[in-house]
Structures are given as structure tokens and as C-alpha cells.
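Contents: one structure, followed by commentary.
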Amino acid sequence: VSGDLAAGLAVLREKFVRNALEKLDLLDQNLSRLAAEPGNTETLDRAMRLFHSLAGSGATYGFPEVSHSAGAAESLCDEIAAARRGVTEAEIASMRSGVEVIRRAFGEDEQSEADSAAQRILIAEDDAGEASFLTLVLETAGYAVRTCDDLTYAAVDCADFEPHLLLLDEAGAARLAPLMADHLGRGGKVIAIGSFAGAEGQAPTGVADGVKPSPRTVLETVARVLAQ
Amino acid sequence: MRVLIIDDEEDVRSVTALSLSAVGGMDVIEASNGPDGLRLAQTERPDAILLDVMMPGEDGITTLGRLRESELTRSIPVVLLTAKAMSFELRRLQELGARGVLTKPFDPMALAGELRAILGKP
Chain A
382 VSGDLAAGLA VLREKFVRNA LEKLDLLDQN LSRLAAEPGN TETLDRAMRL FHSLAGSGAT
442 YGFPEVSHSA GAAESLCDEI AAARRGVTEA EIASMRSGVE VIRRAFGEDE QSEADSAAQR
502 ILIAEDDAGE ASFLTLVLET AGYAVRTCDD LTYAAVDCAD FEPHLLLLDE AGAARLAPLM
562 ADHLGRGGKV IAIGSFAGAE GQAPTGVADG VKPSPRTVLE TVARVLAQ
Chain B
122 MRVLIIDDEE DVRSVTALSL SAVGGMDVIE ASNGPDGLRL AQTERPDAIL LDVMMPGEDG
182 ITTLGRLRES ELTRSIPVVL LTAKAMSFEL RRLQELGARG VLTKPFDPMA LAGELRAILG
242 KP
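Those protein sequences? They're chains A and B, same order as listed. Take 382 as the starting number for the first sequence in our numbering and just add one per residue. Take 122 as the starting number for the second sequence in our numbering and just add one per residue.
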């Protein structure tokens with residue numbers, strides 16, 4: 382019986398870690414948003430639920446420090462929500478520390494170092510399927526990728542992540558790209574994500590450095606624009 | 122013994138189901154939210170329900186109320202699963218009609234025994 386449990390747990394644990402790392406990425410985004418909007422109760426609630434999820438399952442999967450740190454951060458979120466006040470900088474710093482403790486528990490510190498050496502790409506796209514496809518292709522090619530599904534917060538995520546390249550939903554490109562230019566990494570570029578049927582290579586004038594023309598040429602376009 | 126797990130977290134449902142089946146030899150059915158859990162409870166009539174407290178939408182307390190209201194499910198013992206283990210909260214949850222409360226995170230090796238102990242089914 383314990384053998385069955387151990388074998389089953391090993392499989393579930395791998396999946397748990399993958400899910401948890403995605404939650405940590407979401408927490409990074411939400412904490413950046415809270416730093417920009419300390420009184421945003423929806424963002425605070427999202428962060429609290431993410432911490433709650435990690436707190437409730439970490440130790441069950443053999444990561445007691447995950448439950449401990451996430452539980453402390455969840456309680457802090459709970460306290461702030463109950464007091465109906467904004468989050469302070471010190472509290473955000475404390476939550477970020479909790480996230481880092483959890484990340485280290487998963488051995489993610491090495492991955493973070495690798496990510497910092499890789500070229501960073503932020504995908505600001507509200508179409509989940511499109512964002513997932515681009516993330517898969519670009520991460521497989523060795524880029525460090527972060528996604529943002531709410532264009533309202535793209536500038537905040539851009540400031541936090543400092544990407545070398547921004548893949549930006551064409552619908553928001555004209556409005557947002559100039560606002561985010563200051564936050565791109567040194568020499569940062571912008572590619573507008575348009576229809577796959579769109580004209581190849583025709584970037585919106587004065588806004589983007591290129592357009593993603595088709596699924597098969599995503600990597601070529603990204604490499605070309607980064608090299609410009 | 123047949124147990125219905127109602128929890129929105131797939132990571133928790135999976136490990137709970139594994140623990141109850143592999144260690145406790147129980148049959149397990151699962152639902153990811155309160156309304157689906159209520160429907161499954163009414164059609165499948167499990168021997169016990171393990172119900173998460175903090176779920177988006179209809180939370181565990183609301184779901185517990187609906188289970189107690191339904192003639193088909195009111196006699197099924199419900200054990201709440203919660204990450205909040207303050208003693209006054211545990212008392213409040215039991216006063217709402219729960220047979221007992223188990224806390225998260227739990228030990229997968231011990232969960233089935235703890236559930237049986239609460240249900241009085243060694």
C-alpha cells in the first residue's frame with residue numbers, strides 16, 4: 382500500500398511543483414500590481430488565494446517550508462483585507478520574501494539565475510491560447526518568458542520584468558507601446574501580435590519593431606528583431 | 122466506504138483521492154465545486170463527504186448548508202477540510218453541522234485513519 386502511495390505521490394508531486402511554479406509567477410505579477418495600486422482589493426484577493434493554495438498543499442507534498450511561508454503571507458493578506466486598507470511597501474517586500482523562500486524550496490533559485498542570463502520576453506496578450514503557444518515556443522528555444530493577460534497591467538509587469546522584447550497584442554500596441562518604452566531592458570524591442578494572416582513584416586509605423594507573421598516564423602522574427 | 126471529495130484545488134483533490142484509496146482502501150469520487158458536489162452527493166449517495174471550506178464561488182460553508190437542506194444528502198456525514206485551524210473556527214464549523222474538521226496540509230499516510238476516526242468507522 383505504501384508503495385502504491387509513494388509511486389502515486391511521486392507523479393503528483395511533479396505536477397504539483399509545476400503548478401506551484403506557475404502560481405509563483407502569478408504572485409510576482411500580482412505583487413507588482415499591488416505595488417502600483419496598493420488599494421486594489423481584487424489583486425490582494427488573488428494574491429491571498431494563491432498563497433492559500435500553496436499553504437494548503439505544500440507540506441502534503443513534502444514542502445513544509447512552502448506551507449509555512451505561504452501561510453504567513455496569506456495571513457498578512459487576510460489581515461490587510463480585514464482592515465480594509467492598502468498594502469504598504471514593507472508588506473509587499475515581506476510577501477516577495479515569502480515568494481522567494483518558496484521558490485528556493487523548489488530549487489528555483491538556479492532557474493532564476495538561468496532566466497536572468499537568458500533574454501527576457503514579456504508577452505502581453507489576453508488570448509490565453511495565443512499566449513500559451515508563444516510561451517511554449519519561446520521557452521523551448523531558451524528565452525525567459527513572462528505573460529500578462531491583462532493589458533491594463535502590462536506597463537507594471539514591464540517595469541518589473543524589464544524585458545528585452547515585448548510581444549504586445551496588436552489591439553493595444555498603439556496605445557501601450559509608447560508608455561512601456563521606458564521600462565524595456567536596454568535596447569528593448571516591441572513586436573505587435575497581430576493576426577497570423579496579417580501581412581508579413583509590416584509593423585505598425587512608429588510603434589513596433591516587427592510583427593509576428595505566422596506560427597512557423599515566430600522564432601525567426603523574434604531573433605531578427607532582437608538582433609536589430 | 123465511498124467518499125466524495127469536494128475541493129477546487131486539483132493538487133489537493135488528487136493527493137486526497139490517492140491517500141484515501143491507496144492507504145484507506147476507500148472508493149473516491151470527486152467534484153471541483155460546491156454545485157457539482159451537491160449534484161454528485163444526491164445521485165451517488167456517498168458514505169461521507171470531505172468538503173473544502175475556502176472555494177471560489179459557492180464556498181464550503183454554503184455547500185454544507187445546501188447538503189443539510191437536501192433530503193437526499195442531509196444524513197451523509199460531512200467532514201470539512203480547511204487550512205485555517207483556529208480553535209474558535211473549528212468549533213464554529215462543527216456547530217454548522219459538520220461531523221468533524223481536518224486541517225490542510227495533511228499527512229497523506231494519516232488522512233484515511235483520521236477520517237475513519239471522525240466517522241467512527243475504524
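Note that CB positions come from ideal geometry on N, CA and C, so glycine has one too.
Evaluate the contact criterion for the stretch 221–231 of chain B versus the stretch 187–205 of chain B: three or more CB pairs, one atom per stretch, below 8 Å. Yes, they touch.
Rounded to a whole number of angstroms, what is the C-alpha to C-alpha distance between residue 440 of chain A and residue 228 of chain B? Answer to the nearest angstrom: the Cα atoms are 8 Å apart.
On the criterion of 16 or more Cβ atoms from any shown chain inside 10 Å, does residue 509 of chain A qualify as buried, or is it exposed? Counting Cβ neighbours within 10 Å, residue 509 of chain A comes out exposed, since fewer than 16 surround it.
Proximal residues, the stretch 173–203 of chain B versus chain A, C-beta separation under 9 Å: Correct list: 173, 175, 177, 202 and 203.
Chain-ordered neighbours of residue 440 of chain A on chain B, where CB pairs are closer than 7 Å: Within chain B, the residues near residue 440 of chain A are 226.
Using a Cβ cut-off of 7 Å (strictly closer), state whether residue 393 of chain A contacts chain B. Interface residue, yes.
So for residue 148 of chain B, helix, strand or coil by DSSP? Of the three classes helix, strand and coil, the one that applies to residue 148 of chain B here is strand, per DSSP.
Ignore the nearest five residues each way along the sequence and tell me which others in residue 550 of chain A's own chain have a CB closer than 7 Å to its CB. These residues qualify, in order along the chain: 505, 506, 507, 532 and 574.
Minimum length 4: unbroken alpha helix (DSSP H) runs contained in the stretch 455–489 of chain A: Considered as a whole, the stretch 455–489 of chain A harbours 470–486 as its complete alpha helix (DSSP H) runs of no fewer than 4 residues, in chain order.
Is the beta carbon of residue 143 of chain B closer than 7 Å to that of residue 385 of chain A? Cβ atoms of residue 385 of chain A and residue 143 of chain B: closer than 7 Å.
Cβ of residue 236 of chain B less than 7 Å from any chain A Cβ? Judged by the 7 Å Cβ criterion, residue 236 of chain B is not in contact with chain A.
What would DSSP say about residue 389 of chain A, mapped onto helix, strand or coil? In the displayed model, residue 389 of chain A falls within a helix according to three-state DSSP.
Can you look up residue 516 of chain A in the DSSP assignment and give me helix, strand or coil? Of the three classes helix, strand and coil, the one that applies to residue 516 of chain A here is helix, per DSSP.
Output needed for residue 461 of chain A: all residues of its chain with C-beta closer than 6 Å, excluding positions within five of it in sequence on either side, in chain order. 468, listed in sequence order.
Member of A/569, A/534 and A/502 whose CA lies at the smallest distance from the CA of residue 557 of chain A: Selection A/569, A/534 and A/502 evaluated against residue 557 of chain A yields A/534 as nearest (Cα-Cα).
Reference residue 455 of chain A; option with closest CA among A/480, A/429, A/472 and A/530: If we check each option's Cα against that of residue 455 of chain A, A/429 comes out closest.
Is residue 557 of chain A helix, strand or coil by DSSP? Note: residue 557 of chain A maps to helix in three-state DSSP.
With 7 Å as the threshold, decide whether the Cβ of residue 451 of chain A is near any Cβ in chain B. Judged by the 7 Å Cβ criterion, residue 451 of chain A is not in contact with chain B.
If you measure beta-carbon to beta-carbon, which residues of the stretch 143–164 of chain B are closer than 7 Å to chain A? Answer in chain order: 143 and 144.
Would you grab the beta carbon distance between residue 169 of chain B and residue 124 of chain B for me? Rounded to a whole angstrom, and I think it's under 8 Å. Rounded to the nearest angstrom, the Cβ distance from residue 169 of chain B to residue 124 of chain B is 5 Å, consistent with a contact under 8 Å.
Which of the three DSSP states is assigned to residue 239 of chain B in this structure? Here DSSP, grouped into helix, strand and coil, assigns residue 239 of chain B to helix.
By Cβ distance below 8 Å, which residues in the same chain neighbour residue 424 of chain A in space, the five residues on each side in sequence not counted? Spatial neighbours of residue 424 of chain A in its own chain (CB-CB distance under 8 Å, excluding positions within 5 residues in sequence) are listed in chain order as 411, 414, 415 and 418.
Using only alpha-carbon positions, find the residue among B/166, B/140, B/130 and B/164 that is nearest to residue 154 of chain B. The shortest CA-to-CA distance from residue 154 of chain B to any of B/166, B/140, B/130 and B/164 is the one to B/130.
Per DSSP, which one or two residues make a beta bridge with residue 224 of chain B? Beta-bridge pairing by DSSP links residue 224 of chain B to B/203.
Classification of residue 553 of chain A by the beta-carbon crowding that lies within 10 angstroms, buried from 16 upward: A residue is called buried once 16 or more other Cβ atoms fall within 10 Å of its Cβ, and residue 553 of chain A is buried on that count.
Note down the Cα distance separating residue 569 of chain A from residue 536 of chain A, rounded to an integer number of angstroms. So the alpha carbons of these two residues sit roughly 14 Å apart.
Looking at the secondary structure, which residues open and close the beta strand (DSSP E) in which residue 194 of chain B lies? Careful: residue 194 of chain B lies outside any beta strand (DSSP E) and carries neither H nor E.
Rank A/502, A/427, A/453 and A/525 by C-alpha distance to the C-alpha of residue 407 of chain A and give the top, closest one. Ranking A/502, A/427, A/453 and A/525 by Cα distance to residue 407 of chain A puts A/427 first.
Where does residue 392 of chain A land, buried or exposed, given buried means 16+ other C-beta within 10 angstroms? Residue 392 of chain A is exposed by the Cβ-count criterion.
Is there at least one Cβ from chain B nearer than 7 Å to residue 426 of chain A's Cβ? Closer than 7 Å: no.
Contact criterion: CB-CB distance below 7 Å. Does residue 582 of chain A meet it with respect to chain B? Model confidence at residue 582 of chain A stands at a pLDDT of 45, short of 50, so the residue's coordinates are unreliable; what they give is reported in the following sentence. Taking 7 Å as the threshold, the shortest C-beta distance from residue 582 of chain A to chain B does not fall below it.
Distance between residue 238 of chain B and residue 140 of chain B (C-alpha atoms, nearest Å): Counting only the Cα atoms, residue 238 of chain B lies some 15 Å from residue 140 of chain B.
Determine the DSSP secondary structure at residue 231 of chain B, reduced to helix, strand or coil. In the three-state reduction of the DSSP assignment, residue 231 of chain B falls in the coil class, being assigned neither a helical nor a strand state.
Segment limits, beta strand (DSSP E) that includes residue 600 of chain A: Residue range 599–608 is occupied by the alpha helix (DSSP H) that includes residue 600 of chain A, with no beta strand (DSSP E) assigned at that position.
Alpha carbon to alpha carbon, what distance is there between residue 538 of chain A and residue 572 of chain A? In a straight line, the C-alpha of residue 572 of chain A is about 16 Å away from that of residue 538 of chain A.
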